[in-house]
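Line by line, the protein sequences give chains A and B.
Counting the first sequence from 1 gives a position; our numbering is that position plus 127.
Counting the second sequence from 1 gives a position; our numbering is that position plus 13.
Structure first, then comments.
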Amino acid sequence: MIKKVSLLPERYTNEELKEALAKARDIRLQAIDQLEVEHEFSARFNRKMNQLIKAESKPYFPLLNTQWKRIVAVLVVIIFLGITTVACVPVLRNRFYKMIEDIYEKYSRISFQIAPEDPLDIDPFIEYEISEVPDGFELVERTVIEEDHYVSVVYTSDGRDIVFHQMPMGDSRFSVNTEDTRLKAIYLSGVERYYLNDEKTRIIFWYDDRYVFIISAEVEEGQILSVAQGVKPIE
Amino acid sequence: VLLFYLSVIDTQEGKTQFELLYEKYRWLMYKTAYNILREHQAAEDAVHDAFMRVALSLNSIDDVDSPKTRNFLVIITRNISLNMYKRRKRIDLSNIGIERPGVVGVDNHLIEKESYNELVKEILKLPGKYADVLFLRYDNEYSISEIAKMLNMSYANAQKTIERARKALDKRLYDKEGELIARKIHK
Chain A
128 MIKKVSLLPE
138 RYTNEELKEA
148 LAKARDIRLQ
158 AIDQLEVEHE
168 FSARFNRKMN
178 QLIKAESKPY
188 FPLLNTQWKR
198 IVAVLVVIIF
208 LGITTVACVP
218 VLRNRFYKMI
228 EDIYEKYSRI
238 SFQIAPEDPL
248 DIDPFIEYEI
258 SEVPDGFELV
268 ERTVIEEDHY
278 VSVVYTSDGR
288 DIVFHQMPMG
298 DSRFSVNTED
308 TRLKAIYLSG
318 VERYYLNDEK
328 TRIIFWYDDR
338 YVFIISAEVE
348 EGQILSVAQG
358 VKPIE
Chain B
14 VLLFYLSVID
24 TQEGKTQFEL
34 LYEKYRWLMY
44 KTAYNILREH
54 QAAEDAVHDA
64 FMRVALSLNS
74 IDDVDSPKTR
84 NFLVIITRNI
94 SLNMYKRRKR
104 IDLSNIGIER
114 PGVVGVDNHL
124 IEKESYNELV
134 KEILKLPGKY
144 ADVLFLRYDN
154 EYSISEIAKM
164 LNMSYANAQK
174 TIERARKALD
184 KRLYDKEGEL
194 IARKIHK
């Protein structure tokens, strides 16, 4: 499930997308209903389908649903019986990610591209936290959705917020206001991060090979950098 | 294993969930397949293959009568039919009507005339494979692994297609409101 970050209003919310898809789905199905096709199912088709219906009711159907799988199943049994040693060769792969910044007149959209041969495997869930906030800030909201690997935490002080998001990289997209500014790449604690200074909000984000981390805060530059440095996995 | 056994327990009048799906939707699936393949026997083969795939994803179907289930079966049938078409004809699918942006049987001009909101219009104009993964992911709420299995693609490919579909939809909406100025790719 995509979690969006409310740094800028999106063109549509997830709820609006779902509603629109439901409407589009109904229109699409209606269009198929209106297609005029005359046909009587052949005896060959009926016979094949009856066989499939019978086979489907067998508990082992998922294992034996194609001719190839049947052959493979037999071979696996033979090989398994004859095997004495198994040599495992670890497969080494280099992960390859790209962060994409689409720059529009007033904002930039950030998304991530993952090499198709190297799908993102983010299990098990590791929850990160902010270990240090400036004086006066108090935790007011914390959302953790383990199955989505999503964390959102809000600290507040005198109407100013520090918001932290942790999201899986694959699905994450967000927009930042870049009307009068541009994203700046900085190194902090040896990690490349992206920093943005809006009128009153400062934003910093970075990613590792599983998660994207975003902090948006109405604090001084030095303070947000300290907050970012203090983000760590909960032990 | 338990879930699988539950799926084959008789549901109504001694029929399994699979039989109910077959009786209820074979005609819908046939029309979907025929609209792409334009041959009766090929369309029947596509429907049979689609049911083979559906049989392996029965655990993902909650309600036989739901419009989401209907759409799911259409998507599976479309996917199989287009693959069959590609194998048979070996030509660029963009040359045939069905894979043009737009909905089966609904012309783009008609979509524009209707009072749907912009998002609905742009979804309807998306290329079929993009619309399909968006339906499966956000309307049916299937996981990427489930979608990969349903569409017979790798996890990475399913993930990539969903990303591209979102971007294609975004682009259509952006194009109406403003130009993309630049794209930076950070490694």
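Note that CB positions come from ideal geometry on N, CA and C, so glycine has one too.
By the rule that beta-carbons nearer than 7 Å mark a contact, residue 170 (chain A) does not touch chain B. Residue-level contact by beta carbon fails for residue 67 (chain B) and chain A, as no gap is shorter than 7 Å.
Its chain contains 312, 313, 333 as the residues whose beta carbon lies nearer than 8 Å to that of residue 319 (chain A), once the 5 sequence neighbours on both sides are disregarded; these appear in chain order. According to the DSSP secondary-structure assignment, residue 172 (chain B) is paired through a beta bridge with no residue. Only residues of its own chain outside the window of five on either side were considered, and among them 43, 46, 47, 50 have a CB closer than 7 Å to the CB of residue 56 (chain B), listed in chain order.
In the three-state DSSP reduction, residue 53 (chain B) falls in the helix class (H, G or I).
Rounded to the nearest whole angstrom, the CA to CA distance from residue 152 (chain A) to residue 96 (chain B) is 22 Å. When C-alpha distances from residue 270 (chain A) are compared across A:147, A:250, A:294, A:175, the shortest belongs to A:294. The beta carbon of residue 73 (chain B) sits closer than 7 Å to the beta carbons of 155, 159 from its chain, once the five residues preceding and following it are set aside; these are given in chain order. When C-beta distances to chain B are compared with 9 Å, the residues of the region 309-333 of chain A below that value are 310, 312, 319, 321, in chain order. Of the residues assessed, residue 141 (chain B) falls on the buried side of the cut-off, its CB having 16 or more other CB atoms within 10 angstroms. At a beta-carbon threshold of 7 Å, none of the residues of chain B lie near residue 181 (chain A); the nearest stands roughly 10 Å away.
Near chain B, meaning a CB-to-CB distance below 9 Å, the residues of the region 148-160 of chain A are 148, 149, 150, 151, 152, 153, 154, 155, 156, 157, 158, 159, 160. With 16 or more other Cβ atoms from the protein chains shown falling within 10 Å of its own Cβ, residue 153 (chain B) counts as buried. At a cut-off of 7 Å between beta-carbon atoms, residue 49 (chain B) makes no contact with chain A. The contact set of residue 33 (chain B) on chain A, defined by CB atoms closer than 7 Å, is empty, because the minimum CB distance reaches about 11 Å. Residue pairing by DSSP places residue 240 (chain A) opposite A:225 in a beta bridge. Between residue 303 (chain A) and residue 235 (chain A), the C-beta gap is smaller than 7 Å, which places the two residues in contact. Boundaries cannot be given for residue 156 (chain B), as no alpha helix (DSSP H) includes it and DSSP labels it neither H nor E. Residue range 348-356 is occupied by the alpha helix (DSSP H) that includes residue 353 (chain A). Beta-bridge pairing by DSSP links residue 333 (chain A) to A:340. For residue 241 (chain A), the closest C-alpha among the options B:168, B:183, B:163, B:138 is that of B:168.
If you draw a 10 Å sphere on the C-beta of residue 174 (chain A), you find fewer than 16 other C-beta atoms in it, and that means exposed. Three or more pairs of CB atoms, one per stretch, sit closer than 8 Å, so the region 343-359 of chain A contacts the region 271-289 of chain A. Neighbourhood of residue 142 (chain A) in chain B, by CB distance below 7 Å: empty, with the nearest CB roughly 10 Å away. One alpha carbon belongs to residue 280 (chain A), the other to residue 259 (chain A), and they sit about 13 Å apart.
Interface residue (Cβ-Cβ distance to chain A less than 7 Å): residue 86 (chain B) is not classified as such.
Straight-line measurement puts the Cα of residue 278 (chain A) at about 6 Å from the Cα of residue 272 (chain A).
Counting only runs of 4+ residues, the alpha helix (DSSP H) found wholly inside the region 61-105 of chain B occupies 80-102, in chain order. Using beta-carbon distances, residue 359 (chain A) does not count as an interface residue toward chain B, since no partner is under 7 Å. According to the DSSP assignment, residue 181 (chain A) belongs to no beta strand (DSSP E) but to the alpha helix (DSSP H) extending over 170-183. Taking 7 Å as the CB threshold, residue 352 (chain A) stays off the interface with chain B.
Relative to residue 350 (chain A), the option among A:315, A:335, A:361 whose CA is nearest is A:315. Burial is judged here by how many other beta carbons sit within 10 angstroms of a residue's own beta carbon; residue 58 (chain B) has at least 16 and is buried.
Contact between residue 178 (chain B) and residue 147 (chain B) holds, with the beta-carbon distance rounding to 5 Å and staying under 8 Å.
When the five nearest sequence neighbours on each side are left out, the beta carbons in the same chain lying within less than 6 Å of the beta carbon of residue 360 (chain A) are those of 253, 255, in order along the chain.
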